[in-house]
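Trainee: Pasting in a structure now, in C-alpha cells, and then I'll have a few things to ask.
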Amino acid sequence: MKRFADLHLRVPFKDPAKAESMIRKASELGYNLVGIAVSPHATREQVSQLRHICSDAKVDFVTRVNFFPRTPNELLQSLRRFRRKFEIVTVRCHTKDVARQAAKDRRVDLLQFSVTNLRKRFFDEAEAELASQALSSLEIELAPILQLTSFSRVRLLSSLRREVATAERFKVPITLSSGATDELFMRGPRDYAALTTLFDLSMSSALRALSETPWVTVERNRKKLSADYVAPGIHVVGRKKGA
Amino acid sequence: MLKREKKRYLALEVVSEQPLNEQTVLDAVQASVHRLFGEYGASKANLKLTKNLPEKRRFVIRCSHKALEHVRAAIASTTAINGKNAAIHVLGVSGTLKALSKKT
C-alpha cells in the first residue's frame, strides 16, 4: 500500500484550532506524512505543539523551511545557518540567479516558482540539468490550480505542462504538494493525481510524486540529520561503551 | 456486434456550508467537467446520478470508464456550489454498485 505525503500544508501558527483541523483532515484524506513550513525563528514550543497535534492525528510531521532569497549570497547564508535545523529546505526562486544557485546546491531539497507571475518561472532546460545533478526536486503546489480561475489557470497549466515535460526529460524528480491554506482546498492524493492529468503528468508519475519521491527526500534528510551520519555512505553502526 | 460501454461508479462526499440536493451536486460536477474539458469532454463523460444519501452528504455518480480521470479531475477542481464554498471528495471508485458499497 502506498504511503502518501503532503510536503506543504500551509497551517496558520496563530490559530491552533484551524491547524489541528487541517492536520486531522490530511490524516482523514489518507496522508501519512505532512510537511509544515516553520519560520526559521520559530520557537521550540511552536514546533513541539505541531508535532503533538500530528502525533494525535497519527501522521508523521516534517519540519520544513521556505527561503525567499533575493540574491544567491543571501541563499547561501540562509543555508549555512538553517540547513541542519530543518528536514526539508525549499527555495522560492524569484530571480534567475537564485534559481540557478538553488538548483546546483545539494542542500536544497525543493525548488518552487511563482504561480501568479509566470515570467518568474525559471524552470528551463539549464535549470533542469543543474537540478538533476544536485538531486533537488521540482515542487508543484496544487491548491493554486483550484484557486485560480479562467485565463490565469490556463496559463499556469500551460507552464506546468512545459516544466513537467522538461523535468521528465532531464530526470528531475517531481514532488506534488497541496499548498492548501484552508480545508476546502485539501483533496485526497488520488484526486490530486487526477488533477495533474490537466498538465499531462501521468497518473503513475503523479502518485509517485505524492508518495515515493517525498518519502525518499525525507528519509535521506533524516539520515543526514541523525547523530550517526558521518559523510555520504558512511555512518556509525555502533558505539563502544565508555567511548 | 456493438460493445457495451463500461461504467465506473464514484462515491462522493460533499463538504459545503449549505444543504444540497442530488441535482445541485450533479449540476456542479457537470459544470466543472464542461469548464475543464468542454462540450466534447462532457458528452464523453456520460454522467448520471445513481444513488444519494443527502443526510450524510454522500452521493454516487456514474460515468464512462474512459472518462474516469477527467471526471475525477473535474470533481477535485470544484471549489464552489451555488456560489458558496464547497469541496467534493471521492470516497471510492468501482465498476459495480455492490463493490462500491463494500469499499465505502
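Chains A and B supply the protein sequences, listed in that same order.
Residue numbers 10 to 252, in our numbering, belong to the letters of the first sequence in order.
Residue numbers 4 to 107, in our numbering, belong to the letters of the second sequence in order.
Ideal Cβ positions, reconstructed from N, Cα and C, are used throughout, including at glycine.
Determine the burial state of Ser213(A): buried for a count of at least 16 other Cβ atoms within 10 Å of its Cβ, exposed for fewer.
Mentor: Classification of Ser213(A): exposed, given that the 10 Å Cβ count is below 16.
Trainee: Quick one: list the residues of chain A neighbouring Asn88(B), beta-carbon separation under 9 Å, in chain order.
Mentor: Chain A residues near Asn88(B): Asp191, Leu193.
Trainee: Answer with buried or exposed for His50(A), where buried requires no fewer than 16 other C-beta atoms within 10 angstroms of its C-beta.
Mentor: Label assigned to His50(A): exposed.
Trainee: Which stretch, first to last residue, makes up the alpha helix (DSSP H) that contains Gln55(A)?
Mentor: Run containing Gln55(A): 53-65, per the alpha helix (DSSP H) assignment.
Trainee: Roughly how many angstroms lie between the CA atoms of Arg116(A) and His68(B), to the nearest whole one?
Mentor: Approximately 44 Å, taken between the alpha carbons.
Trainee: Which residues of chain B have a Cβ atom closer than 9 Å to the Cβ of Tyr201(A), listed in chain order?
Mentor: The contacting residues are Ala79.
Trainee: Of all Cβ atoms in chain B, is any one closer than 8 Å to the Cβ of Gly318(A)?
Mentor: Because residue 318(A) is not part of the residues shown, which for chain A are 10 to 252, the question remains open.
Trainee: Determine, using beta carbons only, whether Leu155(A) and Ser35(B) come nearer to each other than 8 Å.
Mentor: Not closer than 8 Å, so no.
Trainee: Would Leu56(B) be called buried (16 or more neighbouring beta carbons within 10 Å of its own) or exposed?
Mentor: Exposed is the call here.
Trainee: As a quick exercise: from Phe208(A), Glu177(A), Arg199(A), Gly197(A), pick the residue whose alpha carbon is nearest that of Arg282(A).
Mentor: Not covered by the structure: residue 282(A). The range shown for chain A is 10 to 252.
Trainee: Check whether the Cβ of Leu42(A) lies closer than 8 Å to any Cβ atom in chain B.
Mentor: Judged by the 8 Å Cβ criterion, Leu42(A) is not in contact with chain B.
Trainee: Rounded to a whole number of angstroms, what is the C-alpha to C-alpha distance between Thr226(A) and Ser186(A)?
Mentor: Going by the C-alpha atoms only, they are around 13 Å apart.
Trainee: For the pair the region 159-177 of chain A and the region 25-40 of chain A, tell me if three or more CB-CB distances fall below 8 Å.
Mentor: Contact between the region 159-177 of chain A and the region 25-40 of chain A is absent, because fewer than three Cβ pairs lie under 8 Å.
Trainee: Considering only residues of the same chain and omitting the five flanking positions on each side of Leu234(A), which have a CB-CB separation below 7 Å?
Mentor: The residues are Arg93, Glu96.
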